[in-house]
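Contents: one structure, followed by commentary.
Numbering (our numbering), first residue to last: 22 to 211.
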């Protein structure tokens, strides 16, 4: 057993070790908290891309789609995309699609293709592609863009040609690559 005069030194050493342990625990908790806040902040700065999407719209086959982000898309591919910004709010207000729900559409034209819209007719590279409706099912006027545009490197034209009621490129024009979340593959159809 230690002599009586050594006991204060032992108690002092134990107190120092306990204080050091408390500081280390506080640092660890702060580091974990900071990492959690950084992870939340990252999702705000870079929203996560959905990997599985349920499409309930009749303009594309109803069902689950697997999303492959970062894969190059070409004409003919099905994609999952956000409605372009100015039209996203309109689609939500009119209950076509909630603002946070992506579209499932087909890419019908890409880089270098020329898209023209004159009156109700939309053409791709000079060939008639689709006719636009003037009003939706509730009688509200649908937005029409007019003129011709050549799609750039970061543009795609999304269109469901066989679906007259589809809210797609015929009404909002080209879609930028930043709004395309990825290639869509039908996993299960209802």
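We treat Cβ as the ideally placed atom computed from N, Cα and C, and that holds for glycine. Predicted model only: the values in this text are computed from it and were never measured.
- For residue 178, there is no enclosing alpha helix (DSSP H); the enclosing beta strand (DSSP E) has its first and last residue at 176-179.
- When the five nearest sequence neighbours on each side are left out, the beta carbons in the same chain lying within less than 6 Å of the beta carbon of residue 120 are those of 109, 113, in order along the chain.
- Beta-bridge partners of residue 125 (DSSP): 101.
- DSSP places residue 107 in the uninterrupted alpha helix (DSSP H) bounded by 106-114.
- Residue burial is scored here from C-beta neighbours: residue 65 has fewer than 16 other C-beta atoms within 10 angstroms and is therefore classed as exposed.
- Counting of Cβ neighbours within 10 angstroms places residue 142 among the exposed residues, the total staying below 16.
- Per DSSP, the continuous alpha helix (DSSP H) segment holding residue 35 begins and ends at 28-66.
- Listed as beta-bridge partners of residue 188 by DSSP are no residues whatsoever.
- For residue 148, the enclosing beta strand (DSSP E) starts and ends at 148-152.
- Residue 210: member of the beta strand (DSSP E) spanning 201-210, first to last residue.
- The alpha-carbon separation between residue 67 and residue 101 amounts to approximately 17 Å.
- Under DSSP, residue 85 takes part in a beta bridge, and its partners are 75, 209.
- Secondary structure note for residue 168: its beta strand (DSSP E) is the uninterrupted segment 168-171.
- For residue 162, no beta strand (DSSP E) run applies, since DSSP gives it neither H nor E.
- The shortest CA-to-CA distance from residue 124 to any of 204, 136, 34 is the one to 204.
- Sorting 174, 52, 118 by C-alpha distance to the C-alpha of residue 195 places 174 at the top.
- In the three-state scheme derived from DSSP, where H, G and I count as helix and E and B as strand, residue 138 is classed as strand.
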